[in-house]
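Student: I am attaching a structure below and will ask some questions about it afterwards.
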Amino acid sequence: MNGDKYSVVVKGTCGDQTSTEATLNVNAKPSISINPVGATKCVGETYTFSVTASNVGGYQWILNNEDIVGANSATYNIASICDVCDEGSYKVEVSGTGACASQSVTSNAADLVVKIPVDITDDPETQTVCEGTAVTFSVTATGDITGYQWYKNGQILTGATASTYGITAQTSMNGDKYSVVVKGTCGDQTSTEATLNVNAKPSISVNPVGATKCVGETYTFSVTASNVGGYQWILNNEDIVGANSATYNIASICDVCDEGSYKVEVSGTGACASQSVTSNAADLVVKIPVDITDDPETQTVCEGTAVTFSVTATGDITG
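Read in order, the letters of the sequence shown correspond to residues -12 to 306 in this note's numbering.
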């Protein structure tokens, strides 16, 4: 009916009169043809909501049922998205114009889902351990995390897809470097590398050798070992005070104090300082020199008399 013209003829006894024409101007209510579209975005990104409408007198964008101050156009742009302030349900109220200024229509809701980029707060740490030790590398990260992938020396570790990675340390792993990629909706982050330092346990390659010696002689026990932090020589299961090197020398052997079973405990170094290995036992047998305590005595007898000479001696006598 917009633009239609209306007039009236007023009839009377003395003749008719025709009015001037009156025009009917009909304003259309506001209407929306394209609603805003939601999205999933990352913190720091930009996004623009838009609406297509007709018969518009004004716009008011709304977030979580609260008017957004100053958001009064057909588009609403977020230049740098934040997770707390921008996530939620958006819609726009479109008001009419002219005679329809009091009329309004509201768009469908459009959700903005905000994802948080990965942030590694604690990288894997370098560790120095003794061989055979259980080792766990770990990473702590925040954000919208979708997964993990561990690497050793830059090569992918198949199946290592958790926030921790555990192994049993071997000397062959000494110096290996471990890192992890933390995967996220907004992109991946790679940790710093952590080095695994593996100390070897002490080991003995040549054990002490026993001997048979005489009182007053000298003898040296020795051991050949690797990865050594210290030595402790042991006689008959008792520590020998001050005997703390790779060799143990007896300058003058005595039968009571030096005879017995010798061994050495070799302790480790570094992360293996609490580890030790004990050598095979080596016996020192001490022989006592012969000591004649009674010599044969001179005798004067008559011919035909049976005579016996004798000797008394101590020590390890062989004949």
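Heads up, the beta-carbon is just placed ideally off N, CA and C, and yes, glycines get one too.
In this text, all values refer to a predicted model and were calculated from it rather than measured experimentally.
1) Ignoring anything shorter than 3 residues, give me the beta strand (DSSP E) runs that lie fully in the stretch 279 to 306, in order along the chain.
2) Assuming Thr199 and Lys274 form a contact by the criterion Cβ under 8 angstroms, report the distance between their Cβ atoms to the nearest whole angstrom.
3) Measuring alpha carbon to alpha carbon, tell me which of Ala97, Ile154 and Ile132 ends up nearest Ala121.
4) Pop quiz: Thr93 and Thr108 are said to be a contact at Cβ under 8 angstroms. What is the actual Cβ separation, rounded to whole angstroms?
5) Quick check on this structure: which residue in Glu246, Glu112, Glu180 and Thr234 has the alpha carbon closest to the alpha carbon of Asn223?
6) Between the Cα of Ala97 and the Cα atoms of Leu50, Asp106 and Val56, which residue gives the shortest distance?
7) Would you mind stating whether Ala187 and Tyr165 have Cβ atoms separated by less than 8 angstroms?
8) Any idea what DSSP makes of Val71, helix, strand or coil?
9) Considering only DSSP beta bridges, list what Lys250 is partnered with.
10) Who pairs with Glu80 in a beta bridge, going by DSSP?
11) So, for Thr133: in the same chain, excluding its five sequence neighbours on each side, which residues have a beta-carbon less than 8 angstroms away from its beta-carbon?
12) Per DSSP, what kind of secondary structure is Ile60 in: helix, strand or coil?
13) Below 8 angstroms on the Cβ atoms is my guess for Lys250 versus Asn267; work out the distance and round it to an integer in Å.
Tutor: Here's the rundown:
1) 299 to 301
2) 6 angstroms
3) Ile154
4) Not a contact, Cβ separation roughly 42 angstroms.
5) Glu246
6) Leu50
7) no
8) helix
9) Ile221
10) Gln47 and Thr93
11) Lys170, Gly171 and Thr172
12) Checking the sequence, you will find Ser at residue 60 rather than Ile. Of the three classes helix, strand and coil, the one that applies to Ser60 here is coil, per DSSP.
13) 7 angstroms
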